[in-house]
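Worksheet: the structure to be examined is printed underneath.
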Ligand code: CP
Ligand code: NVA
């Protein structure tokens with residue numbers, strides 16, 4: 021495994037398998053001392069519930085301490101250069117978890133830090149989310165080959181990492197977005213390349229009904245990501261037909277399950293009815309953030325200090 025987890029493309033198929041093996045063990049055995057006395061530094065430029073809490077709780081459950089550094093504390097790139105922040109934090113902590121706006125900022129932290137850097141969401145990627153998503157698929161489907169996941173909504177950070185990790189394990193993914201909101205072209209091309217090797221089928225369409233046909237899982241995320249607030253009104257109009265509602269659910273497989281990385285905006289990308297339905301596994305998915313991240317921390321923090 022590399023020193024850092026930045027996008028999901030940086031994991032090999034074997035890394036993902038190892039993470040999931042550890043995840044299964046750590047999910048059963050909540051408390052351990054594998055990171056006894058180690059320190060996790062959380063550098064966040066954006067708000068968070070799941071990522072912050074699951075990393076802090078996870079670190080504690082492994083015997084480590086965590087320090088949360090809010091946007092006002094570090095003021096990444098404003099108060100001092102990121103390369104200095106990285107080298108100073110690496111002298112104190114055994115691992116850094118960073119939530120940034122620009123993806124280059126998290127890469128810069130990783131470049132100058134001697135300890136592992138885990139991307140806890142940047143504008144381009146959200147690899148910890150994708151690990152939890154794919155693990156949730158595995159727990160429910162018991163396999164990846166022949167399993168279809170349909171992602172409906174914005175071609176954003178969440179879908180970018182999902183494409184990276186999902187295609188690697190052989191999960192078939194169809195993505196429906198409005199015109200102009202497709203996943204990044206280069207990222208898509210990388211995913212296509214991987215999918216050819218793993219025989220995962222990937223497809224992009226502008227038609228949500230097309231995407232969900234035969235799907236075992238339907239996944240969505242907010243229409244307006246953090247940092248895009250000025251576009252909120254326009255996006256509400258543009259994404260209107262990309263809502264996960266009971267009508268769209270009927271077009272998928274009968275017992276298809278619903279995923280959402282959360283926070284959910286009921287009445288926008290998902291209806292309250294679907295969010296609260298038996299088919300929704302969003303809280304299991306959120307819980308799995310804790311378990312997969314514990315596995316990642318155990319593997320990265322131990323190895324690189
Ligand atoms: N899904 C996710 O990353 O949630 P938070 O923004 O609350 O951390
Ligand atoms: N795409 C969303 C994910 C939130 C967890 C955002 O970046 O705000």
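Numbering (the numbering used here), first residue to last: 21 to 325.
For each residue, glycine too, the CB sits at the ideal point set by N, CA and C.
Pair within 9 angstroms by beta-carbon distance, residue i and residue j
{"i": "residue 265", "j": "residue 294", "result": "yes"}
{"i": "residue 139", "j": "residue 27", "result": "yes"}
{"i": "residue 42", "j": "residue 315", "result": "yes"}
{"i": "residue 109", "j": "residue 133", "result": "yes"}
{"i": "residue 272", "j": "residue 225", "result": "no"}
{"i": "residue 137", "j": "residue 106", "result": "yes"}
{"i": "residue 193", "j": "residue 169", "result": "yes"}
{"i": "residue 55", "j": "residue 318", "result": "yes"}
{"i": "residue 182", "j": "residue 210", "result": "no"}
{"i": "residue 36", "j": "residue 278", "result": "no"}
{"i": "residue 232", "j": "residue 172", "result": "yes"}
Beta bridge counterpart(s) of residue i as assigned by DSSP
{"i": "residue 240", "result": "280"}
{"i": "residue 96", "result": "According to DSSP, residue 96 bridges with nothing at all."}
{"i": "residue 119", "result": "64"}
{"i": "residue 168", "result": "192"}
{"i": "residue 312", "result": "Residue 312 is not bridged to any residue."}
{"i": "residue 137", "result": "116"}
{"i": "residue 25", "result": "138"}
Cα-Cα separation between residue i and residue j, rounded to whole angstroms
{"i": "residue 276", "j": "residue 262", "result": "17 angstroms"}
{"i": "residue 69", "j": "residue 76", "result": "11 angstroms"}
{"i": "residue 239", "j": "residue 58", "result": "35 angstroms"}
{"i": "residue 308", "j": "residue 254", "result": "33 angstroms"}
{"i": "residue 198", "j": "residue 249", "result": "18 angstroms"}
{"i": "residue 285", "j": "residue 242", "result": "7 angstroms"}
{"i": "residue 179", "j": "residue 83", "result": "32 angstroms"}
{"i": "residue 29", "j": "residue 123", "result": "14 angstroms"}
{"i": "residue 53", "j": "residue 94", "result": "29 angstroms"}
{"i": "residue 313", "j": "residue 74", "result": "8 angstroms"}
{"i": "residue 292", "j": "residue 119", "result": "28 angstroms"}
{"i": "residue 103", "j": "residue 154", "result": "33 angstroms"}
{"i": "residue 71", "j": "residue 25", "result": "14 angstroms"}
Residue i: CB within 8 angstroms of a non-hydrogen atom of the ligand ADP
{"i": "residue 102", "result": "Ligands present in the displayed structure are limited to the ligand CP and the ligand NVA, and the ligand ADP is not among them."}
Residue nearest to residue i in terms of C-alpha spacing, selected from the options
{"i": "residue 147", "options": "185, 81 and 156", "result": "185"}
{"i": "residue 260", "options": "227, 236 and 247", "result": "227"}
Margin query: Counting beta carbon pairs with one atom in the region 117 to 134 and one in the region 157 to 173, are three or more of them shorter than 8 angstroms?
Written below: Contact between the region 157 to 173 and the region 117 to 134 is not established, with fewer than three Cβ pairs separated by less than 8 angstroms.
Margin query: Under 8 angstroms: do the region 186 to 203 and the region 45 to 65 share three or more Cβ pairs, one atom per stretch?
Written below: Judged by Cβ distances under 8 angstroms, the region 186 to 203 makes no contact with the region 45 to 65, as fewer than three pairs qualify.
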